[in-house]
Amino acid sequence: MLESEKEKILKMADRLRQRVVGQDEAIEAVSFAVRRSRAGLSEETRPIGSFIFLGPTGVGKTELARALAEFMFDDENAVVRIDMSEYMEQFNVSRLIGAPPGYVGYEEGGQLTEAIRRRPYAVILLDEIEKAHQDVFNILLQVLDDGRLTDSKGHIVNFKNTIIIMTSNIGADVIMQRFEHATDENRERIYKYTKDDVLEIVRRKLRPEFLNRVDEIIMFHPLSKAHIRDIVDIQFKRLVETVLQRQGIEASLTEAAKILLAEQGYDPVFGARPLKRLMQRQIINELATRILGGELAQGDKLRIDSSNGVLVYEKLK
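Numbering (the numbering used here), first residue to last: 1174 to 1490.
Structural data, given as structure tokens:
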């Protein structure tokens, strides 16, 4: 391994924190799994790492998967995402590795095996794993054990360069209930005893031989309003870097504007999910209108502030 690659891996957790807020335990777990793999201290044939991410909606489970893909494979779209609710019935299970010869879909290959055959370096994101049929778990056991699968055409597909992330809503209702009135002072204490209870529910719902083959089971923290303010910073920075810099426009967000967006974008049930839609509606749409109307052009500087509960835009000289 090159020195630059070693240095990058050692700084992995810091890089992931630039995109994922409030989930240090999850970030440390995936970072150490990658370090073990790159240092040659894990089984070579198995995937780089395998994880179950627990927690309510909108707390960063999918965002961490994308951040991992960007860090490991230089492309946040190097994520093979499969909705396990589509594999609740036994007759659908074969779609993962491909339909048998003579059946509809045989030529297309398996949804999982074909994706990894074409893109062997990827993050595999299996959403709502608890909904999958038991035969799906048999397939996953082989991947987690041997790091390979044989598809319906007889191709051996190697998974040793993948990271497998399985999300689950098991215990999400317990987490939300416990954190409903949490404060900054008691959040960590609530997290510790809630995690024990949620892991016990997981052990009752999922097979022990499956859980024993997963590297880490991680319960994500529900987000606080302070976390949402940090996410406002991250999303605005990404907007500036990916959109406004291309237009040659500089923009800044005042502290008052950040607080307003955090308050309006926070939802106890959906976490940070509403924030992205809010910023698109209140910032991106407004900027698009001003650019097309000729009010904003290359070289302009813009400050976005808050007044009386709404965002206000001020073009700086």
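Note that beta-carbon positions come from the ideal geometry of N, C-alpha and C, so glycine has one too. From a predicted model like this one, the values you see are computed outputs, not experimental measurements.
To test your reading of the DSSP string, which unbroken beta strand (DSSP E) runs of 3 or more residues are found completely within the stretch 1260–1317? 1295–1300
Start-to-end residues for the alpha helix (DSSP H) that takes in Lys-1449: Translated into the one-based positions of the sequence shown, residue 1449 becomes position 276. From DSSP, the alpha helix (DSSP H) with Lys-1449 extends over 1446–1452.
Please determine if the stretch 1410–1422 and the stretch 1195–1205 are in contact, where contact requires at least 3 C-beta pairs separated by less than 8 Å. no
Would you mind sorting Ser-1480 into buried or exposed? The rule is 16 or more other CB atoms within 10 Å of its CB. As a position in the sequence shown, residue 1480 is number 307, starting the count at 1. Under the 10 Å beta carbon count, Ser-1480 is surrounded by fewer than 16 other beta carbons and is classified as exposed.
In the stretch 1396–1445, which residue ranges form an unbroken beta strand (DSSP E) of at least 3 residues, counting only runs that do not cross its ends? Within the stretch 1396–1445, the runs of beta strand (DSSP E) that reach at least 3 residues and sit entirely inside it are, in chain order, 1423–1426.
With respect to the beta strand (DSSP E) encompassing Leu-1227, which residues constitute its N-terminal and C-terminal limits? Residue mapping note: residue 1227 aligns to position 54 of the sequence shown, counting from 1. Segment 1222–1227, the beta strand (DSSP E) holding Leu-1227.
Assess contact between the stretch 1370–1389 and the stretch 1397–1404, defined as three or more Cβ pairs (one per stretch) separated by less than 8 Å. Is contact present? With the cut-off at 8 Å, the stretch 1370–1389 and the stretch 1397–1404 do not touch.
Once DSSP output is grouped into helix, strand and coil, what is the label at Asp-1478? Residue 1478 sits at position 305 when you count from the first residue of the sequence shown. Note: Asp-1478 maps to strand in three-state DSSP.
In chain order, each beta strand (DSSP E) run of at least 3 residues that lies wholly inside the stretch 1321–1368: 1321–1323, 1329–1331, 1335–1341
Quick check: the stretch 1216–1228 against the stretch 1331–1342, are at least 3 beta-carbon pairs closer than 8 Å? yes
Please report the distance separating the alpha-carbon of Ala-1345 from that of Ile-1374. On the sequence shown, residue 1345 is found 172 positions in, with the first residue counted as 1. On the sequence shown, residue 1374 is found 201 positions in, with the first residue counted as 1. Distance between the alpha carbons of Ala-1345 and Ile-1374 is about 11 Å.
Can you give me the start and stop residues for the alpha helix (DSSP H) that Leu-1379 sits inside? In the sequence shown, counting from the first residue as 1, residue 1379 sits at position 206. Note, Leu-1379: premise wrong, no alpha helix (DSSP H); not H, not E.
Please report the distance separating the alpha-carbon of Gln-1350 from that of Leu-1465. As a working note, residue 1350 is residue 177 in the sequence shown. As a working note, residue 1465 is residue 292 in the sequence shown. Approximately 46 Å between the Cα atoms of the pair.
Looking only at DSSP bridge pairs, what is Asp-1256 linked to? Here residue 1256 is taken as the residue at index 83 of the sequence shown, counted from 1. Paired residue(s): Asp-1300.
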